[in-house]
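In this note's numbering, the protein residues as written are 16 to 171.
Yeah, the Cβ is synthetic: ideal placement off N, Cα and C, and Gly gets one too.
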């Protein structure tokens, strides 16, 4: 019976048994971290890097994401990520939680981080929250994907 042994060339030992293996040439003398670098995807883009210096980005450092099960899990000042028409993912700060006239679902009034919204917190002629011009949107709770607890003083 014959057996074959397959191994990658960089895994073959060239030192005699009992001798500690030396580091590969590219790693000798380097202090490379052992943990992997975070992978940036469309869902966590901007969360793994520090906030921008322009004051535009929401600082989520030290906060743990969670998936809210009911509107009661959320509060004013929390940061939410939600799906918009066409499947686009947006992020912003909650400024209002409640019902809107002629709507059955619970809605969140959100001030968007970067994108253009539809208004500044006015729905059907009544103000529900204050936001920067064209940075506000009303989002059905069912569209919320992820949230981070925040503070009411947080601004965009």
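Worksheet entry | CB contact flag (residue 123, residue 109, <8 Å) | Stepping through the chain shown from its first residue, residue 123 is reached at position 108. Stepping through the chain shown from its first residue, residue 109 is reached at position 94. Yes, Cβ-Cβ distance for residue 123 and residue 109 is below 8 Å.
Worksheet item: Can you name, in chain order, every residue of its own chain whose Cβ lies under 7 Å from the Cβ of residue 86, other than the five neighbours on each side?
Response: On the chain shown, residue 86 is found 71 positions in, with the first residue counted as 1. Excluding residues within five positions, the ones whose Cβ falls inside 7 Å are 112, 121 and 156.
Practice prompt. Just list the beta strand (DSSP E) runs in the segment 102-144, keeping only unbroken ones of 3 residues or longer that don't cross its boundaries, in chain order.
Written response: 104-113 and 122-127
Item to complete: Measure the C-alpha to C-alpha separation of residue 153 and residue 88 and round it to an integer number of angstroms.
Response: Position 138 of the chain shown, counting from 1, holds the residue named residue 153. Position 73 of the chain shown, counting from 1, holds the residue named residue 88. Computed Cα separation, rounded: 18 Å.
Item to complete: List the whole-angstrom C-beta distance separating residue 160 from residue 98, where the pair is believed to meet the contact cut-off of C-beta under 8 Å.
Response: Counted from its first residue, the chain shown places residue 160 at position 145. Counted from its first residue, the chain shown places residue 98 at position 83. The Cβ separation is near 6 Å, so the contact holds.
Worksheet item: If we call anything under 8 Å between Cβ atoms a contact, is residue 84 one with residue 163?
Response: Sequence index remark: in the chain shown, residue 84 carries index 69 (1-based). Sequence index remark: in the chain shown, residue 163 carries index 148 (1-based). Cβ distance not < 8 Å, so residue 84 and residue 163 don't count as in contact.
Item to complete: Report yes if the CB atom of residue 139 is closer than 8 Å to the CB atom of residue 146, and no otherwise.
Response: Here residue 139 is taken as the residue at index 124 of the chain shown, counted from 1. Here residue 146 is taken as the residue at index 131 of the chain shown, counted from 1. For residue 139 and residue 146, no; Cβs fall outside 8 Å.
Item to complete: With DSSP as the reference, label residue 147 as helix, strand or coil.
Response: Mapped onto the chain shown, residue 147 falls at position 132. It is coil, neither helix nor strand.
Worksheet item: Going by beta carbon distance, what residues of the same chain come within less than 7 Å of residue 118, once the five residues before and after it are set aside?
Response: Residue mapping note: residue 118 aligns to position 103 of the chain shown, counting from 1. Closer than 7 Å at Cβ, skipping near neighbours: no residue.
Worksheet item: Hey, how far is the Cα of residue 170 from the Cα of residue 81?
Response: For the purposes of this step, residue 170 is identified with residue 155 of the chain shown, where counting begins at 1. For the purposes of this step, residue 81 is identified with residue 66 of the chain shown, where counting begins at 1. Summary for residue 170: the model assigns pLDDT 44, below 50, so the residue's position carries little reliability; its value from the coordinates is reported in the next sentence. Taking the straight line from one Cα to the other gives about 20 Å.
Item to complete: Counting only the same chain and skipping the five closest in sequence on each side, list residues whose C-beta sits under 6 Å from that of residue 133.
Response: Here residue 133 refers to the residue found at position 118 of the chain shown. These residues qualify, in order along the chain: 152.
Worksheet entry | Among 141, 150, 105 and 100, nearest to residue 116 - alpha-carbon criterion | For the purposes of this step, residue 116 is identified with residue 101 of the chain shown, where counting begins at 1. Nearest C-alpha to residue 116: 141.
Worksheet entry | Cβ-Cβ separation, residue 165 to residue 101 (assumed contact under 8 Å), whole Å | Residue 101 sits at position 86 when you count from the first residue of the chain shown. Residue 165 sits at position 150 when you count from the first residue of the chain shown. So it is not a contact: roughly 27 Å between Cβ atoms.
Practice prompt. Compare the Cα-Cα distances from residue 114 to each of 94, 131 and 143 and report the closest residue.
Written response: Position 99 of the chain shown holds residue 114. For the residues 94, 131 and 143, the minimum Cα distance to residue 114 belongs to 143.
Item to complete: Within the same chain, show all residues whose beta-carbon is closer than 6 Å to that of residue 150, passing over the 5 residues directly before and after it, in chain order.
Response: Within the chain shown, residue 150 is the residue found at index 135, counting from 1. For residue 150, where only same-chain residues beyond five positions count, the Cβ hits under 6 Å are 126, 127 and 132.
Worksheet item: Helix, strand or coil: how does DSSP classify residue 82 here?
Response: Start at 1 with the first residue of the chain shown, and residue 82 comes out as number 67. Coil.
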